[in-house]
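Residue numbers (the working numbering): 8 to 180.
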């Protein structure tokens, strides 16, 4: 019986292991499929690695560009602020110049009025002197490069009076 049990056990073991055994051709086909899949997976992995490297390179380049653009932006903002300040200064200067022009125009108008009054007064004096010279109430003489105006007696004052008479006032005005 021992022998039968051993034989049966042996057969059972052979039977069990014979079901687990794969024929060599099937094994080779499976191994080839696995090798092909492994090669394809490795190829995809290499492509993904290259793509990752390319994307990381692009990312670094974009970061560098972004940093440069941020620096340029800050520079332009600074220039904008400076230009804005210059514009404000120019506007202030223009306002001051407008006020100065207005002030000078006012002065010029005043000076023109004064000049007109002086010219009118000068003309009146000239006419008055011409009349007085013509009526021989005054004499005009040139002495040593200067003009000398001489009033005829009793023109300015009435006889024995210390106050100017009407003709005297006219002559002096």
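Where a beta carbon is used, it is the ideal one built from N, C-alpha and C, also for glycine.
Model, not experiment: these values are computed from the prediction.
For this session: Give me the Cα-Cα distance between residue 126 and residue 137, rounded to the nearest whole angstrom.
Result: 16 angstroms
Exercise. Given a threshold of 16 other Cβ atoms within 10 Å of its Cβ, counted over all protein chains shown, does residue 51 qualify as buried or as exposed?
Worked result: exposed
Exercise. With DSSP run on the structure shown, which of helix, strand or coil describes residue 102?
Worked result: helix
For this session: Return helix, strand or coil for residue 148, following the three-state DSSP convention.
Result: strand
Exercise. Which ranges would you report for the beta strand (DSSP E) in the segment 64 to 88 if only whole runs of at least 3 residues count?
Worked result: none
Exercise. Does the beta-carbon of residue 139 have 16 or more other beta-carbons within 10 angstroms, so that it is buried, or is it exposed?
Worked result: Buried.
Exercise. So, using beta-carbon positions, are residue 155 and residue 148 closer together than 9 angstroms?
Worked result: yes
Exercise. Quick one: what's got a C-beta closer than 7 angstroms to residue 39's C-beta in the same chain, skipping five residues either side?
Worked result: The answer is none, since no qualifying residue turns up.
Exercise. Is the CB-CB distance between residue 146 and residue 128 below 9 angstroms?
Worked result: no
Exercise. From residue 18 to residue 47, what distance separates their C-alpha atoms?
Worked result: 43 angstroms
Exercise. What residues match up with residue 156 in a beta bridge as DSSP calls it?
Worked result: 147
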